[in-house]
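Inspection log for the structure reproduced underneath, given as structure tokens.
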Amino acid sequence: MGQLDRRNLLEGIASGFAGVAISAMLARDGLAGPSTVHGGLHHRPRARRVIELFMNGGASPMDTFDHKPALEKLHGQNLGPKVKPEGFTAMPGAIMKSPFSFRRHGQSGRWVSEVFPEQARLVDEMAFLMAMQSKTNVHGQGAYLMTTGFTLPGFPCMGSWISHALGNIADNLPTFVVLPDARGLPYNQQGCFSSGFLPAAHQGMVINAGAARPVPDLFPPPSFPFATREADADGLAMLSRLNRAHAERHPGDSRLASRVASYELAARMQASAPEAFDISREPAMAHKAYGVGEKPTDDFGRRCLLACRLVERGVRFVQVWSGPQGATNNWDNHGSIVRELPPMAASVDRPIAALLRDLRARGLDEDTLVVWTTEFGRTPFAQGSTGRDHNGGSFVSWLWGAGVKGGVSHGESDEWGYQAAVDKTTGHDMHATILHLLGIDHEKLTVRHNGIDRRLTDVHGKVIESVLA
Amino acid sequence: MTTVSGSAWLLIMLVTAAADDFHSRVEPVLKRHCLGCHSHAAGAMKGGLALDSRSGWARGGDSGPAIIPGKPAESLVIRAVRRSEGVKAMPPKGAIPEADIGILEDWIRQGAVDPRVLAPAKPVDWWSLRPLAKPEVPSGFAHPVDAFIATRLARSGLKPSPEADRATLIRRLHADLTGLPPTRAEIEAFVADPDPAAYGKLVDRLLASPRHAERWARHWLDVVHFAETHGYEHDLPRNNAWRYRDHVIESFHADKPWGRFIREQLAADHFFPGEIEARRALGFLGAGPFDHSAYTTARATFEYLDRDDLVNQTMTAFASTTASCARCHAHKFDPISQDDYYSLQAVFAGVVEGDIPLEVNAGVASMRVRWASLASAAKARDKSVLLSPANEAMAEESLGAAKSVRWTVLVPDSWKGTGGTTLERLPDQSLLAKGPRLEKDTYEINFMLPPGKFTAIRLEVLAHESLPMRGPGRCDNGNLHLSEFEARVVHAGNPAGEPVKFASATADFDQSGWDITRAIDGKDQTAWGIHPDVGRPHSAVFTLGKPMEGRPGSRLAVTLRQLHGGGHLIGRPRLSLTVDDPKGALILPEGVERARAVPRSERTEAQRLDLAAFALEIVARRELAALPESARVYAAGAKSEVVLAVGSGSAQETSRPRQVFVLRRGDLDKPGAEAMPGALSAVAAIPARFGIPKEAPESARRAALADWLASHSNPLTWRSIANRVWQHHFGRGICDTPGDFGRMGGEPSHPELLDWLACRLRDNGESLKDLHRVIVMSAAYRQVSANRGDAAAMDGDNRLVWRQNRRRLDADSYRDGVLSVSGCLDLTMGGPGAREFIAGPPVQLTPRVDYGAFDWASKPAHRRAIYRFVWRGIPDPFMEVLDFPDLGLLTPARASSSSALQALALYNNKFTLHFSGMLGKSIDASAKPDNQRAREAWSRVLGRLPDAREAAMAEQHVARHGTASLCRVLFNSHEFLFVE
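Each protein sequence line maps, in turn, to chains A and B. With the working numbering, the residue at position 69 of the first sequence is 86, and numbering never jumps. With the working numbering, the residue at position 405 of the second sequence is 483, and numbering never jumps.
In structure tokens:
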């Protein structure tokens, strides 16, 4: 990052929409712009928008996508570690086979368990990362690592970095939208969508998709009778006159012009957001496909459909969370895989498949990347009788869409699915790959903070070439 | 003239030739293939290996020395490039040309002459580490600050800007010194004041105001990432954290000498043991995040990262140094070694986070010490204390008063964990739980009921080596939760049996909030627990409503429902019955009971100890419980003095500082030498290792670091704080990276001025208020903020301070400004944080927090922003959009952004609307005509009357939409948001 950008960060004298500079360059040069912009676009991007589906709690790999026949043979044997590893909540129990049956699917012959029948039909379009590894077995640290690249709080998340680097696609909508589970926030509360040391403008906008007024502060609440529609409009007009006059009296200060512009953008957002965030405008067929209005899928389906509408209208990055924090209703299935996992799987499977098909139908797969991930995997050892404990040793993620080679997989876990064994892949590698698809060299996207040039990928990460189309 | 012998000449020439050869032939090969991943210049030392100096390859990386001079075949570098068996092939991308390998082999064979040395970072070469000496002030100026500023400007052919008018100056002073706007009356009085000294008097008045302390405390709380919750996975409230915030405010108000401020925050307990209130300062050590989950399940990582955060916070806050960069390797840019870094970790190796009691009443304090030390002697079975005549007499007396109850241990004949827990009967008739630990379970245990009329059932939960923390529970922390205790008597002929009704229940220990009565309240969601008193047996007595009779063939079925989850299961239960009246009886463990039965004179020492330990612990606890509770502050300190953030009564945990090792590449699995408490070697004037004896109290370590920081010979400290003071008066520090004075930070625009200010602070009573006064009295401070074409062309950034900087109000100032202008500001100081949100029931442990539902008309809403209860992980979106910092990290300087979302929040958020309404109402109350209302709103919000054009606009708006609507517009105006 050049001197100018650093100053902008510290002083906020930036256009006010930091990143706009780079995205303006993107627009000017088209998608094939030359590569040497310092700190910005480094090569031709394959994707322009991203939807990240985050399974909160640690989705079990060996019960979903990572078929492990060895577990059947070893079921019930006490072969795990004899000392409790850091971050396990209990002593590992005996080896436990998956209670679900697996079948091969598609031309690629990918094994998928019976809990994901709908995603199973689309495996030829997905690129699987089969040997993801985390350096922690603790939710808070793990979720931070997969969203910000660090196990500590205070670092900007991927959506904020992307907002900072690329800015908006459409300026009448927010750049980075977060759709948490209706039942509550994930681990770390809002820490996983923080802009950290980047300016607040890059913060994830947290949307309560089920609320009557999903976008906070878009309009005044009805409890203030003086804030009528007319007063709103007249007030903004007067404010614009006042602020323009003030800016003229104080020349040479770009912040003032930028504030004037910010109110104009706000007005445009007021005009566009109600339509963009209103999924009732989608046809009944779409609602049905996503499972909106049906028991297990309603909330996640609603948010997937919303994510589709939002990226279609130019939101750059949408993060959809499955599951709140806590001991239930998420992917943290300590108590019983057979009891706790199927309802979670059922709540996301159909919506995810519908989302991918819908993106394709709308032609958005050309430049939209979809990422399915979680903070870590689970032990091949039983916890209690039928649960599984935290395990950063190995887990699965997949990529779909723009620039992604379908039907391939990268990496393998060991026989039990306990540790990544071949082509170990970290969250940093995944982030590096996502940035790469967006036209960004992850090693060059840096911001200096307290003595260190910080990156989303810390000092790690390499692009996973084998999953690129 | 010195002479050199012939042979020496030859040697020098040979070496020089070899060095030339290295540079011309070998170095290019290394550069081409190796240095991209193995050099300081590339910022990458993969595998821990640097090939950019002789010492780098001689020491080698993780696999050992990379080059063995004279032995190419044994050198790892050669084996790697030759892609030999058993060595990681290098470079990873592909083999290098044979010719290049040949060059390397020749060079190694000939002794691997390598003239390269890493330029050692010379401490004195860097501005921030140079000794601090008062620079000479350029002559010919009335004010030293102006002497430095104007001299520097003149060098660039520039002149300072003229002084701003008084209306501008009073608003600027109010904003900088107090964070609040002046009223229109104050502005008018100041503008009209004929006294030429009016400005200085205003400065003095504002500096003396508590509002000033509140404003500057906020800056400090940013620097130390103070919040009132843990952050991370479980963002739990710290209900006593606010006392640290109050301490900071009071310290600024009292203009506490800076060195004292440092010493209090790091080691008030050590330096000022008699000053209880000063201990609130230790909240500094507890300001940062706390990973509750990692603490309970991943302790080693937790300790390491937690200490790292403390080191980082302390060194950034007080010395503007980024020491934590040296966690994994020697600092790449600054002279900070890994040894230095781990020495700093060792300083904090003995502290734990939690609530520290603040005992203000000396009498209560001494009683508390007395009983607490007796309790810990009892726990440790310290016979020198327990068997003193006075104590033994006290034990005897307390036991003598206790009635004796004889218990009959029941023999279980069938039992099961209905969920699947395996229970194994031990010879003492207790049942030991084994096998996989379930989340929850219910134990059913059956007995033959002996003959007799029984009045009570006793449940013992016993310790065992196989249980976590020795039990008595199976949870990782040794705890258990008994949701319900149920019993049924089954007489012959009535197989269904009759439920036993309990009149009362008592236990020898109750976890706070989890007392024994909850096991008989009929509710599965409440339970009895024994945390943190784990690792030893406990017992509970359930007194029957009416006695139950054992007849021939009668059976007793006991059900232990343990449904809380999380593996809170009993590890080893045992049941007994009594026919005696248990009312008022002490619950005596078996050994004590037995010892008590032995006549006093015949007891063995072990028996006397059993009795005394048991009795005196009960006495001590009772006395402690009877003392009034003391105030607390969330902080950190020696373990013995802290009520832990996450309870842990683990007896294994020592109160001695843990050993800290230098970790190779920051890897917990690669410990090197033990690190001793110390600080930075680069500060040459002060010893960098503290030489603290191992037996010294833990606080001695923190005290030594405080002394190191507060030393007048430490140039970092005084430059750091002088720069911060300047920063908040000009919007930017003289060094514009206030948290980093290293090579990655900025260099000062006016190094002599910074040194002069630092010396002024250091040598003038360490008074911050004096430094404020010096700065704001300067002409440089009083300049107009207007842009000037000539100067902007040369220094658009205003680094040379040819004008004052226009600054946007930060989140706190905006909020306080709106409250103040609308007449709603409540200036009450101190106390627990104002909760401006609605907290709902937690999903897990962290409450749901709804800021949008908060009613701004409610009372706590009107305090200054610094008194808000601040969540670390759930920020107030309104404050956040105005760049209130993420308190997961240290914030030496806030950002100041603008965005559409900020515009929407300022225009539509309930906060602005509510107080626009309040201000509108208060203006309307005087029932003025529209034009006067408009003028009144204008002058209250902006501190001036509108001009004719503005007045027309405003009047029209008031006529159509009311006064409140105009106030809303003005609260969004540039003029309100920016200070000139």
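From the three backbone atoms N, C-alpha and C, an ideal C-beta is built for every residue, glycine too. Since this is a predicted model, take the numbers as computed values, not measurements.
(request) Kindly list the residues whose CB is nearer than 7 angstroms to the CB of B/SER582, restricted to its own chain and excluding five residues on each side of it in sequence; keep chain order. (result) The residue given as residue 582 of chain B occupies position 504 in the second sequence. Closer than 7 angstroms at Cβ, skipping near neighbours: THR621.
(request) Using three-state DSSP, classify A/VAL129 as helix, strand or coil. (result) The residue labelled residue 129 of chain A in the question sits at position 112 within the first sequence. Strand, per DSSP.
(request) Please name the residue in B/PRO213, B/GLY911, B/SER508 whose C-alpha comes closest to that of B/SER654. (result) Here the question's residue 654 of chain B lines up with position 576 in the second sequence. Nearest C-alpha to B/SER654: B/SER508.
(request) Anything in the stretch 1039-1055 of chain B with a Cβ closer than 7 angstroms to a Cβ of chain A? List those residues in chain order, please. (result) Answer in chain order: HIS1039, GLY1040, ALA1042, SER1043, ARG1046, VAL1047, ASN1050, SER1051, HIS1052, GLU1053.
(message) So, with DSSP's three-state summary, where would you put B/THR500?
(response) The residue given as residue 500 of chain B occupies position 422 in the second sequence. Note: B/THR500 maps to strand in three-state DSSP.
(message) What does the Cβ neighbour count give for B/ASP98, buried or exposed, with the cut at 16 atoms within 10 Å?
(response) As a first step, residue 98 of chain B must be located in the second sequence, where it is residue number 20. Burial call: exposed.
(request) Determine contact between the stretch 509-527 of chain B and the stretch 626-643 of chain B, defined as no fewer than three beta-carbon pairs at a distance below 8 angstroms. (result) The answer is yes - the stretch 626-643 of chain B touches the stretch 509-527 of chain B, with three or more Cβ pairs under 8 angstroms.
(message) Quick check: what's the CA-CA separation for A/LEU139 versus A/ALA370?
(response) Within the first sequence, the letter at position 122 stands for residue 139 of chain A. Within the first sequence, the letter at position 353 stands for residue 370 of chain A. Straight-line Cα distance between these residues: approximately 7 angstroms.
(request) Would you list, in chain order, the members of the stretch 511-544 of chain B that have their beta-carbon closer than 8 angstroms to a beta-carbon of chain A? (result) If the cut-off is 8 angstroms between Cβ atoms, the stretch 511-544 of chain B has PRO514, ARG515, LEU516, GLU517 near chain A.
(message) Run through chain B and tell me which residues come within less than 8 angstroms of A/ALA218, C-beta to C-beta.
(response) In the first sequence, counting from the first residue as 1, residue 218 of chain A sits at position 201. For a Cβ distance threshold of 8 angstroms, residue set SER975, SER976, SER977, LEU979, GLN980 of chain B lies close to A/ALA218, ordered along the chain.
(request) Residues of the stretch 270-284 of chain A with a CB closer than 9 angstroms to any CB of chain B: list them in chain order, please. (result) Sequence-ordered contacts of the stretch 270-284 of chain A with chain B read ASP270, ARG272, LEU273, SER275, ARG276, VAL277, ALA278, SER279, TYR280, GLU281, LEU282, ALA283, ALA284 [C-beta pairs closer than 9 angstroms].
(request) List the residues of chain B whose Cβ lies closer than 9 angstroms to the Cβ of A/PRO239, in chain order. (result) Numbered from 1 along the first sequence, position 222 holds the residue referred to as residue 239 of chain A. Under the 9 angstroms cutoff, chain B gives no residues; its nearest Cβ is about 11 angstroms from A/PRO239.
(message) Can you check whether the C-beta of A/ARG200 is within less than 8 angstroms of a C-beta belonging to chain B?
(response) Counted from its first residue, the first sequence places residue 200 of chain A at position 183. Residue contact check for A/ARG200 against chain B: a CB pair falls below 8 angstroms.
(request) Please name the residues in the stretch 249-263 of chain B whose beta-carbon is closer than 8 angstroms to at least one beta-carbon of chain A, in chain order. (result) Taking 8 angstroms as the Cβ-Cβ cut-off against chain A, none of the residues of the stretch 249-263 of chain B qualify.
(request) Determine the contact status of B/ALA766 and B/GLY756, defining contact as a CB-CB distance below 8 angstroms. (result) Stepping through the second sequence from its first residue, residue 766 of chain B is reached at position 688. Stepping through the second sequence from its first residue, residue 756 of chain B is reached at position 678. The Cβ atoms of B/ALA766 and B/GLY756 lie closer than 8 angstroms to each other.
(request) Under 7 angstroms between beta-carbons, which chain A residues line up against B/LEU638? List them in chain order, please. (result) Taking the second sequence and counting its residues from 1, the one referred to as residue 638 of chain B is at position 560. Within chain A, no residue comes near B/LEU638; the closest Cβ sits about 18 angstroms away, beyond 7 angstroms.
(request) Indicate whether B/PRO793 and B/GLN805 have their beta-carbon atoms separated by less than 8 angstroms. (result) As a working note, residue 793 of chain B is residue 715 in the second sequence. As a working note, residue 805 of chain B is residue 727 in the second sequence. No, the pair does not count as a contact, with Cβ atoms beyond the cut-off.
(request) Could you please give the first and the last residue of the uninterrupted alpha helix (DSSP H) stretch that includes B/LYS279? (result) Within the second sequence, residue 279 of chain B is the residue found at index 201, counting from 1. Per DSSP, B/LYS279 belongs to the alpha helix (DSSP H) from 276-286.
(message) Assuming contact is defined by CB atoms lying nearer than 8 angstroms, are A/ILE354 and A/GLY404 in contact in what I supplied?
(response) Within the first sequence, numbered from 1, the residue matching residue 354 of chain A stands at position 337. Within the first sequence, numbered from 1, the residue matching residue 404 of chain A stands at position 387. Note that the C-beta distance between A/ILE354 and A/GLY404 is below 8 angstroms.
(request) Tell whether a beta-carbon distance below 8 angstroms holds between B/ALA981 and A/SER279. (result) Your numbering for residue 981 of chain B matches position 903 in the second sequence. Your numbering for residue 279 of chain A matches position 262 in the first sequence. For B/ALA981 and A/SER279, yes; Cβs fall inside 8 angstroms.
(request) Taking B/ILE1089 as the query, report the chain A residues whose CB atoms sit under 8 angstroms from its CB, ordered along the chain. (result) A query on residue 1089 of chain B cannot be resolved here, the shown segment of chain B reaching from 79 to 1058 and no further.
(message) I'd like the span of the alpha helix (DSSP H) that includes B/ILE853, first residue to last.
(response) In the second sequence, the residue the question calls residue 853 of chain B occupies position 775. DSSP places B/ILE853 in the uninterrupted alpha helix (DSSP H) bounded by 846-855.
(message) Going by DSSP, what residue range makes up the beta strand (DSSP E) through B/PRO1064?
(response) Here chain B has residues from 79 to 1058 only, and residue 1064 of chain B is not among them.
(request) Report the partner residues of A/ARG471 according to the DSSP bridge assignment. (result) Counting from one through the first sequence, the residue named residue 471 of chain A turns up at place 454. The partner list for A/ARG471 (beta bridge, DSSP) reads A/VAL464.
(request) Give the single residue among B/THR584, B/CYS553, B/TRP204 whose Cα lies nearest to the Cα of B/ILE535. (result) Looking up residue 535 of chain B in the second sequence gives position 457. Cα-wise, what sits closest to B/ILE535 is B/THR584.
(request) Enumerate in chain order the residues of its own chain whose CB-to-CB distance from B/ALA690 is below 7 angstroms, with the five nearest sequence positions on each side excluded. (result) Mapped onto the second sequence, residue 690 of chain B falls at position 612. By the criterion of a C-beta distance shorter than 7 angstroms, B/ALA690 is surrounded in its chain by LEU464, LEU465, ASN469, GLU470, ALA473, once the five residues flanking it on both sides are discounted.
(message) Let me check one thing: in DSSP terms, what residues is A/MET120 bridge-paired to?
(response) Reading the first sequence from its first residue, position 103 is the one you call residue 120 of chain A. One point to set straight first is that residue 120 of chain A is Arg, not Met, in the sequence displayed. A/ARG120 is bridged to A/VAL129.
(message) Less than 8 angstroms between CB atoms is the rule here; does A/MET42 satisfy it with respect to chain B?
(response) Residue 42 of chain A sits at position 25 when you count from the first residue of the first sequence. Because the pLDDT of A/MET42 is 38, which lies under 50, any placement of that residue in the model is unreliable, and the number read from its coordinates should be weighed accordingly. No, A/MET42 does not count as interfacial toward chain B.
(request) Return the CA-CA distance between A/ARG472 and B/SER617, expressed in angstroms with no decimal places. (result) Here residue 472 of chain A is taken as the residue at index 455 of the first sequence, counted from 1. Here residue 617 of chain B is taken as the residue at index 539 of the second sequence, counted from 1. Distance from the CA of A/ARG472 to the CA of B/SER617, rounded to the nearest whole angstrom, comes to 56 angstroms.
(message) Taking CB distances under 8 angstroms as the criterion, tell me whether B/TYR382 reaches chain A.
(response) Mapped onto the second sequence, residue 382 of chain B falls at position 304. False, the Cβ-Cβ gap to chain A never drops below 8 angstroms.
(message) Using only the alpha-carbon positions, how far apart do B/ALA345 and B/ARG780 sit?
(response) Residue mapping note: residue 345 of chain B aligns to position 267 of the second sequence, counting from 1. Residue mapping note: residue 780 of chain B aligns to position 702 of the second sequence, counting from 1. In a straight line, the C-alpha of B/ALA345 is about 6 angstroms away from that of B/ARG780.
(message) Comparing C-alpha positions only, which one of B/ILE354, B/ARG1022, B/LYS717, B/VAL670 sits nearest to B/SER482?
(response) On the second sequence, position 404 is the one that residue 482 of chain B refers to. It is B/VAL670 whose Cα lies nearest to the Cα of B/SER482.
(request) Verify the contact flag: A/ILE296, CB atom, against every heavy atom of the ligand HEM, threshold strictly below 7 angstroms. (result) Annotation note on the ligand HEM: not contained in the displayed structure, which lists no ligands.
(message) Please report the distance separating the alpha-carbon of B/PHE587 from that of B/ASP659.
(response) Mapped onto the second sequence, residue 587 of chain B falls at position 509. Mapped onto the second sequence, residue 659 of chain B falls at position 581. If I take the Cα positions, the gap works out to 21 angstroms.
(message) Per the DSSP calculation, B/GLN640 is bridged to which residue(s)?
(response) Against the second sequence, residue 640 of chain B aligns to sequence position 562. Within the DSSP secondary-structure output, B/GLN640 pairs in a beta bridge with B/ASP519.
(message) Give me the residue from B/SER845, B/PHE226, B/LEU746, B/ALA864 with the minimum Cα distance to B/SER329.
(response) Locating residue 329 of chain B in the second sequence gives position 251, where the first residue counts as 1. The residue with the shortest Cα to Cα distance from B/SER329 is B/SER845.
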